[in-house]
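The sequence shown runs 4 to 124 under this note's numbering.
No residue lacks a Cβ here, since even glycine has one placed at the ideal position from N, Cα and C.
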Amino acid sequence: MAETERLVCDSAALADSGEGVRFEVEYLGEKTPAFAVRYEGRVHAYLNRCPHVPAELDWDPGRFFDMQGLLLLCSNHGAIFLPESGRCIGGPCKGRNLVALPVEERDGKVILKESGHGGRR
Ligand code: FES
4 MAETERLVCD SAALADSGEG VRFEVEYLGE KTPAFAVRYE GRVHAYLNRC
54 PHVPAELDWD PGRFFDMQGL LLLCSNHGAI FLPESGRCIG GPCKGRNLVA
104 LPVEERDGKV ILKESGHGGR R
């Protein structure tokens, strides 16, 4: 399978437990909002779509973390997710997961590897 890579943002744009960067991916044939955040030094990216209702999570554009910077928070009905796995640990979709996207950091850039999310769940 051919793999394409795409620049999401500069690494410096993602502070630990800070604001996320929003972007779009092609997912199941549709342009779908997504986001990247940094947590404990590592970058994680997910579709910006809550498993409860397919709505975007951020309570202001790019604001995904709770006040402590420890959990991702859905602004709609308060579901909380582990930043490192996207696992919901509280709220109406407890036990379900955000859809993770494959990203890596290289040469000060955050890169999305686009082969891994075109049609899988
Ligand atoms: S839409 Fe996220 S908790 Fe309901």
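May I ask whether a heavy atom of the ligand FES can be found less than 8 Å away from the beta carbon of residue i?
{"i": "Cys12", "result": "no"}
Relative to the C-alpha of residue i, which candidate in the options has its C-alpha closest?
{"i": "Phe68", "options": "Gly81, Ala58, Val113, Val56", "result": "Gly81"}
{"i": "Leu31", "options": "Asp110, Val102, Gly111, Glu107", "result": "Val102"}
{"i": "Thr35", "options": "Ala48, Ser88, Glu43, Gly111", "result": "Ala48"}
{"i": "Val40", "options": "Asn79, Glu29, Ser88", "result": "Ser88"}
{"i": "Lys97", "options": "His55, Gln71, Lys112, Ala37", "result": "His55"}
{"i": "Asp61", "options": "Lys116, Ile114, Gly23", "result": "Gly23"}
{"i": "Phe26", "options": "Gly44, Leu73, Pro64, Gly111", "result": "Pro64"}
{"i": "Cys53", "options": "Gly72, Glu29, Asn79, Ala16", "result": "Asn79"}
{"i": "Lys112", "options": "Phe84, Val28, Arg45", "result": "Arg45"}
{"i": "Leu17", "options": "Leu75, Tyr42, Glu29", "result": "Tyr42"}
In whole angstroms, what separates the C-alpha of residue i from that of residue j?
{"i": "Glu8", "j": "Pro105", "result": "10 Å"}
{"i": "Ala37", "j": "Gly93", "result": "21 Å"}
{"i": "Glu6", "j": "Asp13", "result": "21 Å"}
{"i": "Arg66", "j": "Gly21", "result": "8 Å"}
{"i": "Met142", "j": "Leu10", "result": "Outside the modelled stretch of the chain, which goes from 4 to 124, sits residue 142, for which no answer is possible."}
{"i": "Glu33", "j": "Leu115", "result": "17 Å"}
{"i": "Leu73", "j": "Asp110", "result": "27 Å"}
{"i": "Glu107", "j": "Glu117", "result": "11 Å"}
For residue i, which residues does DSSP report across the bridge?
{"i": "Cys77", "result": "Note: Cys77 sits in no beta bridge, so no partner."}
{"i": "His55", "result": "BP columns for His55 are empty, so no partner."}
{"i": "Arg109", "result": "Lys112"}
{"i": "Val11", "result": "According to DSSP, which records beta bridges pairwise, Val11 is partnered with nothing at all."}
{"i": "Gly93", "result": "Ile83"}
The ligand FES: which residues have Cβ under 7 Å from any of its heavy atoms, chain order? Those satisfying the condition are, in chain order, Cys53, His55, Val56, Ala58, Leu60, Cys77, Asn79, His80, Gly81, Ala82, Gly94, Pro95, Cys96.
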